[in-house]
Amino acid sequence: MVKTKAQSKKKQKRGVDFKKIRRKIGRKLAPPQNATNTEIKSKAIILPEQSVASEKAGLAVSKKGLTLKELLQQTSHHNAKVRKDALIGIRDVLVKFPTELKLHKLAVIEKLRERISDDDKLVRESLYQLLKSVIFPGCKEDNKGPINSLMMTYIFNAMTHMAIEVRLMAFKFFDLLIQYFPSSFLLYAEKILQNYEDILQKNKFYLQDKGRLKNALAGLVRCLSLLPRSSQKEGDSLSYNDATGASLHAFDLDLSNKSTGLSGVVKKLTDLLPVLVSCFQDFSPLIHSMAHVDAQSFDCMLLLLQSIDLVVRFFGHASGKNQDDFQNLPSSYQKNNLSTCDQSLSAVTFKKLWDEFPLSPVHCLSEKDGERYFMLNIVITEIFLQLSYGSELPPALLERLLEFTESSLSEKIFNGRESGKVHHEKHLIPLVAFIPKLIMQVSKEDQDGQEIKIENCKHLIPLVAWKYRILQAFTSAFKKCSPESSIKLACLSAVEEMLLPEQNCLYLDPKDLEISKHQITWISELPKLLVLLGDKHPLHTKAVLRLQLRVGQTANLNHLLTEEYGNMQCIRDFYCTYPNGTVSYGPFMRLPRDIQELSVCCLYYFSFLDKELLQSLASCCICHELEPFILPRIIEVLHSAYKAGHIQIADYISFFITLLSRFQVYPEKIYPTEKHEGKSNRGTFKSVVRSVCSWFSQIGDDVLVLQMLEKIVLDEISHKRPVDNIYGFIRLLITLDSKPTRLSEQTINRLSEVLPEYFLDVVNNIPEEDDESTKLLIRQTRHYYLLPCFFLFDRSNSLLNQILKVMESFIRGNVSSLLPHQIGALTKDHSSRILSIVSVLLLLHGDFKMQKLLLSCKTEIRNILESMRTLESSEDITMTIEERHKIRSAYDRLTAAVSTLE
C-alpha cells in the first residue's frame with residue numbers, strides 16, 4: 002500500500018520560544034511584570050463656601066432647593082412635566098413663606114397667567130389649584146384693580162383658543178376670579194356674556210362633554226347672580242346655594258370706563274336668553290331616553306334653568322318693576338331698553354319650556370331621580386311665576402303650574418312618589434315665597450265680576466277654587482314642616498305678606514270665611530312654635546315674634562284676628578312656668594337682647610293680659626340673669642297696656658308690688674361701689690323704684706291710690722326684708738303722700754315700730770371706715786337710704802317722737818317693750834347697738850331741715866343721752882373697758898351735736 006505524502010513526512014522537532022496562554026473571553030489581563038505603576042494617591046481638597054446649596058442659605062426655596070424666581074422661569078419650560086413641577090414648587094414656597102406672596106404678588110400673577118392657555122391639561126389644573134388655594138386667598142384684601150387687569154386679558158385670550166378644552170378651562174378660571182373679586186364681572190360684563198353665548202351657541206360639545214359644560218355654567222350662574230334683580234324673599238337665595246350668596250344686588254355704572262353701562266348688558270342678555278332655552282331643549286331627548294338621570298346631565302340642566310331664572314329676574318327688575326333702583330339711570334336707557342326687556346320675556350322665548358313642563362320621564366324612576374326632576378320643575382316654576390308678573394300665563398300652563406304647586410306643597414313629587422322630607426323642604430323654599438303672589442293672581446275676576454275659568458284644559462275649574470286649594474296645601478305644609486327648618490322661615494314670611502292689610506290684596510277679604518279660617522290657623526301656630534323653638538334657633542324665634550308683632554299691630558282691622566290674637570296668651574310658657582311649684586324659666590331668658598325686646602313689644606297688643614301671664618313676667622323681672630335694659634322695657638310696656646285698658650288695676654298693682662318686694666339686690670351688704678369687686682344690680686333697682694313710683698302717681702287720684710296701697714305697703718315693710726326693698730316701699734309711700742300727711746294714725750304707729758330697725762340695718766350694712774377718702778361716700782350712701790324717712794318726719798312730727806322713744810328702749814334693753822321681729826336688734830353687744838343709734842341721730846342732725854324737727858324732740862334726745870350715761874356707768878351690766886369707752890365716746894359726740902340745737 003502506497004503511503005500518502007502527509008504520512009511519509011516525518012515530524013520535525015522544533016524548539017519553543019514563547020508559551021501560548023489560552024485565556025477566557027472577557028477576563029481582564031494581568032499587567033505585565035515590567036509595567037510601571039502610575040497610581041497617584043492624594044487627599045481631597047475642600048474649599049469652604051463654594052457649594053450651590055450654601056449660596057441659597059436663608060432664601061425662600063422649595064423642597065428641591067429652587068427659589069421663587071427659578072420656579073417662575075421653569076413655568077415656561079418646553080417640557081410639560083417641568084412646568085407642572087414648577088407650579089407645585091411655587092405652591093410649596095408660598096405656603097411655607099407667606100411673605101413672598103405679599104412682596105411679589107403682581108410679579109407672580111403676571112408670570113403665572115401665561116399658563117391659563119397651556120396646552121397640557123395637568124398644567125392648567127395645577128395652576129387652577131395654586132390660584133384657588135394660595136394666591137387668590139392671599140390677595141383678597143389687597144387692591145383688586147391690578148389683579149383684574151392682569152388676569153382678564155389672558156382669560157379672554159383663552160376663551161377664544163382653538164382647543165375646546167382650553168376654552169372651557171378659561172371659564173373655570175374666570176369663575177374662580179369672580180369668587181374672590183366680584184367686580185371683575187362688572188368691569189367686563191358685555192364681553193363675558195358674549196363669550197358665554199359663543200361657547201353655548203356655536204358648539205354642540207356639551208352633549209358629549211357635560212363635565213366641562215357644568216364648570217362653564219356654574220361660572221355663568223355666579224356672574225348672573227351679580228346683576229341687580231327683583232326682590233327676593235329670605236329663603237329665596239338658598240335655592241342657588243353659594244352662587245347667589247355673593248350677589249352685589251347693585252350695578253355700578255361708574256365702576257370703570259371699560260363698562261359701557263347697563264344698556265349694553267341688556268342687549269347681551271337679550272341674545273343670551275334664547276340660547277340658554279335652546280341649550281336646555283337639547284337635553285330633553287337625552288333625558289327622556291335614559292332609564293335614569295345621570296348626574297352630569299342633571300347638573301347642566303339645573304344650571305341652565307338657574308341662569309334663565311336670573312336673567313328673567315334681571316329683566317323684571319329693569320322693566321320698571323323696581324323703578325326706585327333705576328331712578329339714576331339716563332332717560333335714553335329707559336326709553337330704548339325697557340322695551341327690549343319686555344320683548345325678551347315674550348311668550349315665544351319660553352314656548353319650549355312650556356311644552357316640557359312639568360318634566361316627567363316615561364320610565365319608572367328611583368327616589369333620587371324623582372328628587373332631581375322635582376328640583377328642575379321647581380326652578381321652571383319660579384321662572385313662570387316671575388313671568389306672570391308682567392303678563393298672564395296661558396291657561397293650560399297655568400293649570401299645570403297650579404297642579405304642580407299643590408302637589409309639591411302636599412309633599413309629593415309630580416309623578417306621585419314621596420320625597421325625602423328634608424330634601425323636599427329645601428327646594429320648596431323659593432316656591433313658598435311666591436305663594437302670596439300666586440294666590441293674588443288666581444283671585445282676580447273678569448270685568449263683569451264673574452270668576453275666570455281655565456278653558457281648553459283637562460278640567461274646567463274656576464281660578465278662585467284654585468285659591469282655596471293652594472291655601473289649604475300651604476297651611477298643611479306650614480304646620481307639618483319642622484320648626485327649625487329653612488322652609489319654616491319662608492312660610493312665616495309668606496304668612497306675613499298674606500296677613501298684612503296694607504298689601505291691599507283680594508284674598509285678605511275678612512268676609513271670606515274660608516280665608517279667615519286659614520288665617521286663624523296660622524296665628525294659632527305662633528305660640529306653639531315659640532315654645533318648640535326655644536332658644537336653640539334664635540333666627541326662627543325672631544321671625545315668629547316679628548310676625549306676631551305685625552299681626553298685633555293690624556289685628557284691630559279684623560275682629561276674628563283680634564280674637565285669635567288674644568287667645569295667644571298661652572305664650573306665658575315662653576317666659577316662665579311653675580312645674581311642681583318651682584320656677585322654671587322659659588327660652589325668653591336665654592335669647593339675645595333684641596329678641597327679648599321684640600317679645601316684650603308684642604305684649605302691648607294683647608287685648609287682655611291675665612294674672613298668670615303677669616306672674617310669669619314678674620318672675621323673669623326679678624331674675625338676676627335678665628338683661629338690665631329689658632326690665633325697664635317690660636315695665637314701660639305693661640304701663641302702656643294698663644293705660645290702654647288691657648290690664649286690670651288689681652293685677653297691675655300686684656305686679657309692681659311683687660317686683661318691689663321680691664327683687665333681690667346684690668351684693669346683700671351695701672358697700673361703696675368702688676370697693677366691691679363684683680357686679681351690682683343696685684342701680685337697676687333704683688331705676689325700677691323710680692319707674693314704679695312714677696307709674697303709680699299716674700294711674701289715678703293719689704288719695705284713692707294711697708288708700709288702696711297703704712295697708713299693702715305697710716305689710717310689706719313689716720316683713721323682715723332687705724333695706725333696698727324697704728327703701729322702695731317707703732319711696733312709694735312718700736310719692737303718694739302729701740304734707741301734712743295723709744297716713745292714718747294706725748299707719749304712723751306701725752311705721753314707728755318698723756323704721757327704727759330699718760335705720761339700724763342701714764347703718765350696720767354701711768359701716769364707718771377710717772379711710773378719709775371713703776367717709777364722704779359712706780355718709781352720702783346712708784343719707785340716700787334715710788332721706789325718704791326724712792320726708793315722713795317732715796309731714797308727721799309724732800312719727801319722729803315715737804321713733805326716738807323706740808330707740809331709747811333699744812338702749813335700755815327693755816325687751817318686753819319690743820315686738821318679736823325687733824328683738825334681733827338686742828342680740829348685738831351694747832356698745833355696737835348704741836353706736837348704731839348714735840350714727841342714725843348724727844345723720845338726722847346733719848340734715849338742715851331735720852335740725853328744725855329735732856328742736857321739738859329735745860326731751861326724747863335728752864332721755865337717750867341719759868340712758869347712754871346710765872348704761873355706761875352701770876355696774877349691773879357686764880361690759881369690757883373697751884365697750885364702756887366706746888359708749889362714752891359716742892355719748893360725747895352726740896352731746897356735742899345736740900348742744901347746737903339749744
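In case it helps, the working numbering puts the sequence shown at residues 2 to 903.
The C-beta atom is built at its ideal place from N, Cα and C for all residues, glycine as well.
Between the CA atoms of residue j and residue i - distance to the nearest angstrom
{"i": "L778", "j": "V839", "result": "19 Å"}
{"i": "H720", "j": "S868", "result": "29 Å"}
{"i": "L866", "j": "D848", "result": "20 Å"}
{"i": "V690", "j": "R573", "result": "25 Å"}
{"i": "Y785", "j": "K850", "result": "15 Å"}
{"i": "S739", "j": "F697", "result": "15 Å"}
{"i": "L845", "j": "E754", "result": "18 Å"}
{"i": "T860", "j": "A645", "result": "54 Å"}
{"i": "L733", "j": "S662", "result": "12 Å"}
{"i": "N765", "j": "T775", "result": "16 Å"}
{"i": "L472", "j": "H519", "result": "7 Å"}
{"i": "L756", "j": "W523", "result": "56 Å"}
{"i": "R894", "j": "P723", "result": "29 Å"}
Residue i in three-state terms, based on DSSP
{"i": "S585", "result": "strand"}
{"i": "T775", "result": "helix"}
{"i": "I888", "result": "helix"}
{"i": "T748", "result": "helix"}
{"i": "V96", "result": "helix"}
{"i": "V666", "result": "coil"}
{"i": "A898", "result": "helix"}
{"i": "T860", "result": "helix"}
{"i": "T68", "result": "strand"}
{"i": "M152", "result": "helix"}
{"i": "M880", "result": "coil"}
{"i": "R116", "result": "helix"}
{"i": "G90", "result": "helix"}
{"i": "A247", "result": "With a pLDDT of 36 at A247, under the threshold of 50, the predicted position of this residue should be treated as unreliable, and no value is reported."}
In DSSP terms, what residue i is bridged to
{"i": "C976", "result": "In the structure displayed, the chain extends from 2 to 903; residue 976 sits before or after that span and is not available."}
{"i": "C577", "result": "Y586"}
{"i": "V124", "result": "None; V124 has no bridge partner."}
{"i": "V62", "result": "T68"}
Contacting residues, own chain, Cβ-Cβ under 8 Å from residue i (five flanking each side not counted)
{"i": "K612", "result": "D652 and S655"}
{"i": "M925", "result": "This structure cannot speak to residue 925, because the chain is shown only from 2 to 903."}
{"i": "A897", "result": "none"}
{"i": "S681", "result": "V666, Y667, P668 and T674"}
Integer Cβ distance of residue i from residue j, believed to fall under 8 Å
{"i": "L178", "j": "G139", "result": "Not a contact, Cβ separation roughly 14 Å."}
{"i": "L550", "j": "L599", "result": "6 Å"}
{"i": "V131", "j": "I91", "result": "It is Leu, not Val, that sits at residue 131 in the sequence shown. Indeed they touch by this definition, with Cβ atoms about 6 Å apart."}
{"i": "I309", "j": "I384", "result": "6 Å"}
{"i": "L793", "j": "L800", "result": "6 Å"}
{"i": "V222", "j": "L304", "result": "6 Å"}
{"i": "I804", "j": "T782", "result": "Actually they do not touch by this definition, with Cβ atoms about 21 Å apart."}
{"i": "I381", "j": "L306", "result": "6 Å"}
{"i": "W467", "j": "L403", "result": "5 Å"}
{"i": "S525", "j": "E565", "result": "6 Å"}
{"i": "E873", "j": "I888", "result": "4 Å"}
{"i": "I89", "j": "S127", "result": "6 Å"}
7 Å Cβ shell around residue i - same chain, five flanking residues per side excluded
{"i": "L715", "result": "T748 and R751"}
{"i": "A826", "result": "With a pLDDT of 43 at A826, under the threshold of 50, the modelled position of this residue cannot be trusted, and the question is left open."}
{"i": "L533", "result": "P484"}
{"i": "H541", "result": "P484, E485, K489, L490 and L534"}
{"i": "F589", "result": "F575, Y576, Q597, S600 and C621"}
{"i": "S688", "result": "P633"}
Close-in-space but distant-in-sequence residues of the same chain around residue i (CB under 6 Å, 5 per side omitted)
{"i": "R84", "result": "T76, H78 and V124"}
{"i": "I636", "result": "S692"}
{"i": "F475", "result": "L410 and I436"}
{"i": "Y605", "result": "V638, S641 and A642"}
{"i": "I73", "result": "The question names Ile, but residue 73 is Leu in the sequence shown. Excluding positions up to five away in sequence, the list reads K112."}
{"i": "T910", "result": "No information on residue 910 is available, as it lies outside the stretch 2 to 903 that the chain covers here."}
CB contact below 8 Å: residue i versus chain C
{"i": "S184", "result": "As a matter of chain content, chain C is missing from the structure shown, which is built from one protein chain."}
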